[in-house]
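Student:
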């Protein structure tokens, strides 16, 4: 089955700086790569996703890049703000919405924005 | 409703008891997923419904776990003879179809004492 590795487990950055979280996956058949933000006591919330036919996608301060050859994908947050503090999860699946196998998640990155 | 709703939000039960966790998906969403999230970990896939049928239950850890979705809307996750290791947050998600994003509920925190 799919295996998703996520690094770092904790990331502390100064407000206004950029943050980068990296993930690798093992199953070359995976073609959908969402990123979720989870705040304490809440469910994961989709913030951006990318499909395998695209190398990069941007939405305001958030961008995701995908390297299918290397099986890497990364989340980039620019101009970080205190409200960006949360746990971020990457995930992979063979179809949007999880497909038949569901989403395989990384272990998460606790992002801390220092004021 | 506006989003995926899960009840109860918290459940404490004694080891060996039976529990039911409920998920109300977004109206009209045909796909429904259950995940389990242990402390400090990412969610782990349990089961996926397309309509009323379980399309994939490969993530259920053993036969103490069972889920139903009899009318293709609300789903219930059932756990028999609960064990302390079952303690986790159980998350439900729904999507409008195979090629659309999945929306998560806030989860049910299950504690087995």
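Residue numbers (this note's numbering), protein chains in the order written: chain A, 1226 to 1340; chain B, 3 to 115. Virtual Cβ for every residue (Gly too), placed ideally from N, Cα, C.
1) For a contact defined as C-beta to C-beta under 9 Å, what are the partners of residue 1259 of chain A on chain B?
2) Go ahead and label residue 87 of chain B buried or exposed: buried means 16 or more other beta carbons lie within 10 angstroms of its beta carbon, across all protein chains shown.
3) Residue range of the beta strand (DSSP E) that residue 1237 of chain A falls in?
4) Just list the residues that DSSP pairs residue 1305 of chain A with in beta bridges.
5) Is residue 1280 of chain A helix, strand or coil by DSSP?
6) Applying the 10 Å Cβ sphere with the 16-neighbour rule, what's the burial state of residue 10 of chain B?
7) Can at least three beta-carbon pairs, one atom from the region 1292 to 1299 of chain A and one from the region 1242 to 1254 of chain A, be found at a separation below 8 Å?
8) May I ask you to report which of helix, strand or coil DSSP gives residue 58 of chain B?
9) In terms of DSSP beta bridges, what is residue 1269 of chain A paired with?
10) Per DSSP, what kind of secondary structure is residue 65 of chain B in: helix, strand or coil?
11) Measure the beta-carbon distance from residue 96 of chain B to residue 27 of chain B and round it to whole angstroms, keeping in mind my assumption that it falls under 8 Å.
12) Out of A:1332, A:1312 and A:1289, which has the shortest C-alpha to C-alpha gap to residue 1259 of chain A?
13) Would residue 1268 of chain A be called buried (16 or more neighbouring beta carbons within 10 Å of its own) or exposed?
14) Would you report the Cα separation of residue 22 of chain B and residue 111 of chain B, rounded to the nearest angstrom?
15) Any beta carbon of chain B sitting closer than 8 Å to that of residue 1298 of chain A?
Tutor: So, from the listed chains and residues:
1) Within chain B, the residues near residue 1259 of chain A are 103 and 104.
2) It counts as exposed.
3) Start and end: 1235 to 1239.
4) Among the bridge pairs identified by DSSP, residue 1305 of chain A is matched with none.
5) If DSSP states are grouped into helix, strand and coil, residue 1280 of chain A belongs with coil.
6) Per the 10 Å Cβ criterion, exposed.
7) Contact holds: three or more Cβ-Cβ distances are below 8 Å.
8) Residue state, collapsed to three classes: strand.
9) Its beta-bridge partners do not exist; DSSP assigns none.
10) Residue 65 of chain B falls in the coil class under three-state DSSP.
11) Taking 8 Å as the upper bound for CB-CB distance, residue 96 of chain B and residue 27 of chain B are in contact here, some 3 Å apart.
12) Checked all of A:1332, A:1312 and A:1289; the closest Cα to residue 1259 of chain A is A:1289.
13) By the neighbour-count rule (16 or more Cβ atoms within 10 Å), residue 1268 of chain A is buried.
14) Residue 22 of chain B and residue 111 of chain B have their C-alpha atoms some 12 Å from each other.
15) By this cut-off, residue 1298 of chain A is not an interface position.
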